[in-house]
């Protein structure tokens, strides 16, 4: 998952948040790929899952393909999310710049109008 920048988040909070997301993604990929490739495991079902040395080649291929698909999809979603966030940030900045411009123009015209009124009042 992509980490979205939030101004109220400190650097350490953002780092911890990113690590939690990474860990959760890893756990999800491991669980999904083990479940998806369970039928290719054969006699490996009861063995220790921390070491894949005894995995049949079909199971290894299935898990590698699954993990690659999961990682590719996660990277694609992350990239698209970051692009969307960048576009949203640009729109916010553009909107803020437009508001500042409008307020500045309004203040300038108000000052000019007040000046013309005050300077023009003595002509009557």
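In our numbering, the protein residues as written are 2 to 125. Cβ coordinates follow ideal geometry from the N, Cα and C atoms, glycine included.
Judged by DSSP secondary structure, residue 9 falls outside any alpha helix (DSSP H); it is assigned neither H nor E. In this structure residue 42 is not in contact with residue 30, their Cβ atoms being roughly 17 Å apart against a cut-off of 8 Å. Minimum Cα-Cα distance from residue 68 among the listed residues 18, 27, 115, 19 corresponds to 27. In the structure shown, residue 42 falls within a coil segment according to DSSP collapsed to helix, strand and coil. Judged by their CB atoms, residue 38 and residue 64 are nearer to each other than the 8 Å cut-off.
The residue from 98, 40, 24 with its alpha-carbon nearest to that of residue 62 is 40.
Of the other Cβ atoms in all chains shown, 16 or more fall within 10 Å of the Cβ of residue 56; this residue is therefore buried.
Residue 84 and residue 116 have their C-alpha atoms roughly 47 Å apart. Going by beta carbons, residue 95 and residue 71 fall outside the 8 Å limit. Counted as a single uninterrupted DSSP element, the alpha helix (DSSP H) harbouring residue 95 occupies residues 58–121.
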